[in-house]
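Numbered per this note's numbering, the sequence shown spans residues 108 to 191. C-beta: ideal position from N, C-alpha, C; glycine also. Let me begin by presenting the structure, written as structure tokens, before commenting on it.
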Amino acid sequence: MEQNVWQLQDAKSKFSQLVDSAIHHRPQFVTKHGSNAVVIISFEDYVRFIKPKDDLVSFFRNSPLAEVELDFSRNKDMPRDIEL
């Protein structure tokens, strides 16, 4: 089984191997003082992770508020007087 949990000192000394494992296999976890610190993932996985599932137009069309009527009228009253 491929190692995917690294102590920080091992991750630093074998960084090239860590990156290669993240690119070709699966995310790699780095611990610091025994606690989870960071996850190293391939750029391809990162792009897939941050890419929205829908485009902006589809997002708004599928919103539960899509059928709500909004009032875009502007108040035409004059602003109040301020003494300076």
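For residue i, the nearest candidate out of the options (CA to CA)
i: alanine 144; options: Lys158, Glu176, Arg181, Gln114; result: Gln114
i: phenylalanine 122; options: Ile147, His132, Ile189, Asp178; result: Ile147
i: aspartate 127; options: Gln116, Ser142, Phe150; result: Phe150
i: phenylalanine 136; options: Val112, Lys183, Leu191, Pro159; result: Val112
i: threonine 138; options: Leu191, Asp184, Leu125; result: Leu125
i: proline 134; options: Tyr153, Pro159, Phe167, Ser142; result: Tyr153
i: glutamine 116; options: Ile130, His132, His140; result: His140
Assigned secondary structure, residue i (DSSP; H/G/I helix, E/B strand, else coil)
i: lysine 139; result: strand
i: aspartate 110; result: A small fix is needed here, since residue 110 is glutamine in this sequence, not aspartate. Coil.
i: valine 126; result: helix
i: arginine 168; result: helix
i: isoleucine 157; result: helix
i: lysine 119; result: helix
i: aspartate 188; result: coil
Which residues DSSP lists as bridging residue i, in chain order
i: valine 146; result: Phe136
Burial state of residue i (16 or more Cβ within 10 Å)
i: glutamine 110; result: exposed
i: leucine 163; result: exposed
i: alanine 173; result: exposed
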